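**Student:** Below you'll find the structure I mean.
Number of protein chains: 2
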Amino acid sequence: MDELLKPLIEGNRRALSRAITLVESTRADHRQRAVALLAELPKKQALRIGLSGTPGVGKSTFIEAFGTMLTEQGLRVAVLAVDPSSTRSGGSILGDKTRMETLSRNPRAFIRPTPSSAELGGVARRTRESIRLCEAAGYDVILIETVGVGQSETLVAEMSDLFVLLLAPAGGDELQGVKRGIMEMADLILVNKADGDLLPTARRTVADYAGALRLLRKRPQDPEGFPKAMAVSAATGDGLDKAWAEMTALADWRREHGHFEANRAAQERQWFMAELRAGLLSQLDQPQAQAHLARLGDDVAQGKLAPGMAATRMLDLLGQMSQE
Amino acid sequence: MDELLKPLIEGNRRALSRAITLVESTRADHRQRAVALLAELPKKQALRIGLSGTPGVGKSTFIEAFGTMLTEQGLRVAVLAVDPSSTRSGGSILGDKTRMETLSRNPRAFIRPTPSSAELGGVARRTRESIRLCEAAGYDVILIETVGVGQSETLVAEMSDLFVLLLAPAGGDELQGVKRGIMEMADLILVNKADGDLLPTARRTVADYAGALRLLRKRPQDPEGFPKAMAVSAATGDGLDKAWAEMTALADWRREHGHFEANRAAQERQWFMAELRAGLLSQLDQPQAQAHLARLGDDVAQGKLAPGMAATRMLDLLGQMSQE
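These protein sequence lines map, in sequence, to chains A and B. Every number in my numbering is 23 more than the matching position in the first sequence, counting from 1. Every number in my numbering is 23 more than the matching position in the second sequence, counting from 1.
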């Protein structure tokens, strides 16, 4: 049994941090230990909520207020991030903790800053595994936040039980700024900043999105009235309790009707296939393979060797290497 | 030497058709023969023009008129298609040949209907290989057409020397309908249907796109004035000769400045890596592997096995299988 397992299950935050650092590592021995640790985890379930919002919609303020509200109800809340931009810049410039000062000091909350990682696939693996670690550590709600860029929203939706889209109040023309594919993933659209001067605009935006959501095809995993659009204000706290009530109602309905477990099972299968593909492709990362790759790649670029033939030769070389 | 090689090089259309059917096949022995044939091809170069246009912009009419004009100049023209929708529907409902009746009867033209294929990656491989076959058969210009859906435009741009975007005349508001990423790939934007009542609208659309193109960052592979927007009419033929002149001028400039060959070399490297990844992942297609996959996948879905552990076991099983 891994030495981290017991303190992790007991809810020790330092053990959780260390376990996440372990799953983030790409070192072969760390990876082996991480896989073994993950296989030992008890089957505890948290509610996994994917949360997407572009910069400027007040995502940090929302998580701060929403997370604090949940902890006041006695719930333990973990916040993880999937931020593809940080994979380029090598980590957030401002750590996630400084963005959420109150929540980060809350003993019932755990915030993990976005790791720097080479590519989105690596971030996805690390986040899926961190979710499992947070569940095992007894967290009740896991918020997986992402900025709405590229494939990150799809990735987050694929590891969440519910997917929430956080938007700012906007004129009707900007409605088309949200891609149809993202709308189709959303279970709940929250229009933030519904306070003060922006309140009427926020209400109109909610009505616009509610109209747009009605045009989408009904999904089997949705009860009557979902997906839904609502107004909230992270600044005043208005609507946050109602948003949480809608989330739990939706999750309960899905549990009762078998969709919750079916979705989790499908996600676990996806995860398995993703790990397997990553494992197969990682054969190319070995130094010996890299040397062959560079040589064959040069031959291909210079037109000395056809790409398909070069691939066949490389596959033969990999086969020989695995038998050595 | 493959029996298809000689007639193919001599420009025999039946040999070319059979060779493309060979590269489209997924049968293991066919694949092996295809890889060997591709490695034997002489190094002839055609101008590879990627052409994207959503349904309704008059793409077939454009290819018909543009292709016919090129053949009248003595050039041999091949038309290939990357249509992701046909991968779902199992082939075009109306064959590409019926869409381009005049061109399909032209002895200097070769039109290959979209194949039905399981997935976009398969279509990409087949198209790259078909391009090489058409070049070896002596075609001077290869039009690789795609509908603007999903990743297909990126795929086509990655196998072309020039990328042309065909658009319909439209109000300024619709300009944002073209994604920024697609705009950034375009070398030439052609606004079609610039005839009759639509002429003023077409001219305004050209001006709008010209303005939008000026806002994009200059790319090293572009001479002064590129990327460019122009009006054409496939129906009347207006502007087609000018569009061709722009394409050849751009290709010539890139050849003189080394960008043409550098781009080809990078594309060949990409192709090699794509083939290699496909080869590694194809280990999972073997019947024995499929049986293991199904069993482990069920264990994962039922929560009996962690996804990472299941992947590790599957990789071990694949290693054992390759040594049997």
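All residues carry an ideal CB built from backbone N, CA and C; glycine is no exception. Only a predicted model underlies this, so the values are computations on that prediction, with no experimental measurement involved.
What would DSSP say about phenylalanine 85(B), mapped onto helix, strand or coil?
**Tutor:** Phenylalanine 85(B) falls in the helix class under three-state DSSP.
**Student:** So leucine 126(B) packs on glutamate 87(B), CB below 8 angstroms; how close in whole Å?
**Tutor:** Going by Cβ atoms, the distance from leucine 126(B) to glutamate 87(B) rounds to 5 angstroms, so yes, they are a contact pair.
**Student:** Give me the residue from Met270(A), Thr224(A) and Glu207(A) with the minimum Cα distance to valine 214(A).
**Tutor:** Valine 214(A) has its Cα closest to that of Thr224(A), out of Met270(A), Thr224(A) and Glu207(A).
**Student:** What are the boundary residues of the beta strand (DSSP E) that includes methionine 182(B)?
**Tutor:** Careful: methionine 182(B) lies outside any beta strand (DSSP E) and carries neither H nor E.
**Student:** At which residues does the beta strand (DSSP E) containing alanine 104(A) begin and terminate?
**Tutor:** Start and end: 100 to 105.
**Student:** So lysine 58(A) and threonine 335(B) are supposed to be a Cβ contact under 8 angstroms. How far apart are they, rounded?
**Tutor:** With the sequence shown as reference, residue 58(A) is identified as valine, and lysine is not the correct amino acid for it. Yes, valine 58(A) and threonine 335(B) are in contact; Cβ-Cβ is about 6 angstroms, under 8 angstroms.
**Student:** Could you pull the DSSP bridge partners for threonine 169(A) from this structure?
**Tutor:** Beta-bridge pairing links threonine 169(A) to Ser75(A) and Val105(A).
**Student:** Tryptophan 294(B) touches chain A at which residues, Cβ-Cβ below 7 angstroms?
**Tutor:** Those within 7 angstroms of tryptophan 294(B) in chain A are Pro330.
**Student:** Short of 8 angstroms in beta carbon distance, which residues of its chain neighbour alanine 274(B), apart from the five on each side in sequence? Order them along the chain.
**Tutor:** Taken in chain order, the residues that qualify are Leu70, Asp184, Leu185 and Phe283.
**Student:** Taking C-beta pairs closer than 7 angstroms, name the residues in chain B that valine 323(A) reaches, listed in chain order.
**Tutor:** Going along chain B in sequence order, the residues near valine 323(A) (Cβ under 7 angstroms) are Glu291, Arg292 and Phe295.
**Student:** So, does the CB of glycine 262(B) fall closer than 8 angstroms to a CB anywhere in chain A?
**Tutor:** For glycine 262(B), the answer is no, since every Cβ of chain A falls outside 8 angstroms of its Cβ.
**Student:** If contact means a Cβ-Cβ distance below 9 angstroms, which residues of the stretch 56 to 68 of chain B contact chain A?
**Tutor:** From the stretch 56 to 68 of chain B, only Ala57, Val58, Ala59, Leu61, Ala62, Glu63, Leu64 and Lys66 have a Cβ closer than 9 angstroms to chain A.
**Student:** Cα-Cα, which of Ala288(B), Gly326(B) and Ser345(B) is closest to glycine 309(B)?
**Tutor:** Correcting the residue type first, residue 309(B) is glutamine in the shown sequence and not glycine. Here the closest residue by C-alpha is Ser345(B).
**Student:** To the nearest angstrom, how far is the alpha carbon of glutamate 168(B) from that of alanine 160(A)?
**Tutor:** Computed Cα separation, rounded: 53 angstroms.
**Student:** At a Cβ threshold of 8 angstroms, is glycine 281(A) touching chain B?
**Tutor:** No, no contact with chain B.
**Student:** Along the chain, which unbroken stretches of the alpha helix (DSSP H) at least 4 residues long are found entirely within the stretch 243 to 325 of chain B?
**Tutor:** If we require 4 residues or more, the alpha helix (DSSP H) runs fully inside the stretch 243 to 325 of chain B come out as 263 to 279, 282 to 304 and 310 to 324.
**Student:** Can you list the residues of chain A that glycine 79(B) reaches, using a CB-CB cut of under 8 angstroms?
**Tutor:** Residues of chain A passing the Cβ test: none, with the nearest at roughly 18 angstroms.
**Student:** Am I right that alanine 230(A) and valine 80(A) are in contact with their C-beta atoms under 8 angstroms? What's the rounded C-beta distance?
**Tutor:** Between valine 80(A) and alanine 230(A) the Cβ distance is about 18 angstroms, and since that is not below 8 angstroms, they are no contact.
**Student:** In chain A, what lies closer than 9 angstroms to serine 345(B) by C-beta?
**Tutor:** Here the neighbours are Gly342, Ser345 and Gln346.
**Student:** Considering only C-alpha positions, which residue in the set Pro246(B), Glu176(B), Arg36(B) and Glu279(B) is nearest to glutamate 269(B)?
**Tutor:** The residue with the shortest Cα to Cα distance from glutamate 269(B) is Pro246(B).
**Student:** Beta-carbon separation of methionine 337(A) and leucine 299(B) under 8 angstroms?
**Tutor:** It is a contact, given that the beta carbons lie within the stated cut-off.
**Student:** Quick one: what's got a C-beta closer than 6 angstroms to alanine 147(A)'s C-beta in the same chain, skipping five residues either side?
**Tutor:** Correct list, in chain order: Leu178.
**Student:** How many whole angstroms separate the CB atoms of leucine 166(B) and valine 100(B), which I take to be in contact at a CB cut-off of 8 angstroms?
**Tutor:** About 7 angstroms separates the two Cβ atoms, so the contact holds.
**Student:** Alpha carbon to alpha carbon, what distance is there between glycine 234(B) and glutamate 405(A)?
**Tutor:** Any question about residue 405(A) goes unanswered here, given that chain A covers just 24 to 347.
**Student:** Three-state secondary structure (DSSP) at leucine 93(B)?
**Tutor:** In this structure, leucine 93(B) counts as helix in the three-state DSSP scheme.
**Student:** Applying the 10 Å Cβ sphere with the 16-neighbour rule, what's the burial state of threonine 150(B)?
**Tutor:** The residue is buried, with at least 16 neighbouring Cβ atoms inside 10 Å.
**Student:** Express the C-alpha separation of leucine 103(A) and serine 40(A) in angstroms, rounding to a whole number.
**Tutor:** The straight-line gap from Cα to Cα measures roughly 12 angstroms.
**Student:** Below 7 angstroms on C-beta distance, what does glutamate 298(A) contact in chain B?
**Tutor:** Under the 7 angstroms cutoff, chain B gives Pro330, Gly331 and Ala334.
**Student:** How about leucine 263(A) and methionine 92(A): are their beta carbons less than 8 angstroms apart?
**Tutor:** In this structure, methionine 92(A) lies closer than 8 angstroms to leucine 263(A) by Cβ.
**Student:** Could you say which of His315(A), Gly281(A), Thr259(A) and Gly302(A) lies nearest to glycine 342(B) if we only look at CA atoms?
**Tutor:** It is Gly302(A).
**Student:** Going by the CB atoms, is the gap between leucine 74(B) and valine 164(B) shorter than 8 angstroms?
**Tutor:** No, these two residues do not count as a Cβ contact at 8 angstroms.
**Student:** Tell me which residue opens and which closes the beta strand (DSSP E) that leucine 213(B) is part of.
**Tutor:** 211 to 214 is the span of the beta strand (DSSP E), which, as asked, contains leucine 213(B).
**Student:** In its own chain, which residues sit with a C-beta less than 7 angstroms from the C-beta of phenylalanine 249(A), not counting the 5 before and 5 after it?
**Tutor:** Excluding sequence neighbours, phenylalanine 249(A) sits near Asp210 and Leu273.
**Student:** Looking only at C-alpha atoms, which of Pro136(A), Glu207(A) and Leu319(A) sits nearest to glutamate 291(B)?
**Tutor:** Residue Leu319(A) is the option with its Cα nearest to glutamate 291(B).
**Student:** From proline 241(A) to alanine 254(B), what distance separates their C-alpha atoms?
**Tutor:** Checking the sequence shown, residue 241(A) turns out to be lysine, not proline. Distance between the alpha carbons of lysine 241(A) and alanine 254(B): 42 angstroms.
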